[in-house]
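Numbering (this note's numbering), first residue to last: 23 to 220.
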Amino acid sequence: MIEIYSQNFDDVWFSVACSQNQIISTSFSTSQQLTLSNILENLPFNIPFEVFHKPSAFAKTILSSLKAIYDGKNVNANFSLALTRLPPYTQKTLKATAQIPIGYIASYGAIAKAVGGGPRAVGNIMASNPFAPIIPCHRVVKSDFSLGGYGGGLKTKFDLLVKEKKGFLTSKDIEVNGRKLQVFPVEYSLRNSVAVFS
DNA sequence: TGCAAACCATAAC
DNA sequence: GTTATGGTTTGCA
C-alpha cells in the first residue's frame, strides 16, 4: 500500500508518496492539486494507494524536510528513495544530480559527460524527476549558465537558486560515478537572470 | 545573435 | 521494432 500525504507551509504545498519508509515520489507547488497529480503520475500502476489527511510521523519528517530544502537550507536528507523501479540510466543520472552541492550548479552537458549519454537525455530525466526538490534538478542549467527549464516554472527555479546562494567564487570538481563533474557557483547563473525575474 | 544539425535515453505507438 | 520527444550543445554564417 502506498500512502500519500500533503501539507501546506507558508502557502506552498508539499506532497509525498511513500511505502514502508521508502519514498516513491515527492513534489511541491503553490497548488495542492498540482502536487498530487505530479505524485500520481509517478506511482507504479499496479500498487494500490490512499491519500491521507493526517501525516504519519514518517511523513511529517519528510514534509518538513521538503519545506527546509525549499527554503534553501542544507538538509542532509538521507531518506531511502525508491530508485530501483526506474530505468538504470535514469537512476545513474538522478544519483549524479543528487551530488551537486548546495550553492553550486552543473550543466546538462557536464552531467551527461559524467554519466555517459547526451545532454538532451539528461534534460528529459530532469523534466521527469520524481523526487523534487530532494534531488536538486533545479541545480542543473544550460552550458551558457542560462536557466534552462523547470517543471514548476522558471521563476520557481530562479527563486530556489537565489535562496541557495552561498557566496562561492570559483568552480570546483566533484567526483561523480568515478569521473569528474565541474560545478559552478549559483551566482554564475543568477547574474543573467536577475533582470528577468526580479 | 540566430539557426541547423547532431545527440541520446525514454515512452508511446 | 519504430518513431517522436525534449529542461541541450556545438558550430557556422
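Positions of the beta carbon are idealized from the N, C-alpha and C atoms, including for glycine.
DSSP state of residue i, grouped into three classes?
| i | result |
| --- | --- |
| Arg201 | strand |
| Asp93 | coil |
| Pro296 | Nothing can be reported for residue 296: it is not among the residues displayed for the chain, which extend from 23 to 220. |
| Ile147 | helix |
| Lys82 | helix |
| Lys188 | coil |
| Lys177 | helix |
| Phe219 | helix |
| Lys194 | strand |
| Ser87 | helix |
| Pro66 | coil |
| Pro109 | coil |
| Leu183 | helix |
| Pro77 | coil |
Name the DSSP bridge partner or partners of residue i?
| i | result |
| --- | --- |
| Lys163 | The residue you asked about is not Lys; residue 163 is Val in the sequence shown. Partner(s): Ser129. |
| Phe153 | Thr48 |
| Ala39 | Ile26 and Ser47 |
| Ile124 | BP columns for Ile124 are empty, so no partner. |
| Leu103 | Ile45 |
| Val34 | Phe31 |
Checking 9 Å against the spacing of the C-beta atoms, do residue i and residue j come in under that value?
| i | j | result |
| --- | --- | --- |
| Asp32 | Lys95 | no |
| Ser129 | Lys177 | no |
| Val73 | Phe50 | no |
| Asn64 | Ile84 | no |
| Ile156 | Phe67 | no |
| Thr52 | Ile61 | no |
| Ile91 | Val205 | no |
| Ala149 | Gly173 | yes |
On the premise that residue j lies in contact with residue i, defined as a C-beta separation below 8 Å, what is that separation, rounded to the nearest angstrom?
| i | j | result |
| --- | --- | --- |
| Lys114 | Val137 | 5 Å |
| Phe153 | Leu103 | 6 Å |
| Ile147 | Leu203 | That belief does not hold up - the Cβ atoms of Ile147 and Leu203 are roughly 15 Å apart, past 8 Å. |
| Ser215 | Leu169 | 6 Å |
| Gly131 | Val208 | 18 Å between Cβ atoms; not a contact. |
| Gly139 | Tyr111 | 6 Å |
| Ile69 | Ile26 | The Cβ separation is near 12 Å, so there is no contact. |
Where does the unbroken beta strand (DSSP E) through residue i begin, and where does it stop?
| i | result |
| --- | --- |
| Ile26 | Ile24 to Phe31 |
| Phe71 | Phe71 to Val73 |
May I ask which residues mark the beginning and end of the alpha helix (DSSP H) holding residue i?
| i | result |
| --- | --- |
| Glu63 | Gln54 to Glu63 |
Residue i: beta carbon under 8 Å from a heavy atom of the ligand SAM?
| i | result |
| --- | --- |
| Arg142 | Within the structure as shown, the ligand SAM is missing, as the structure has no ligands at all. |
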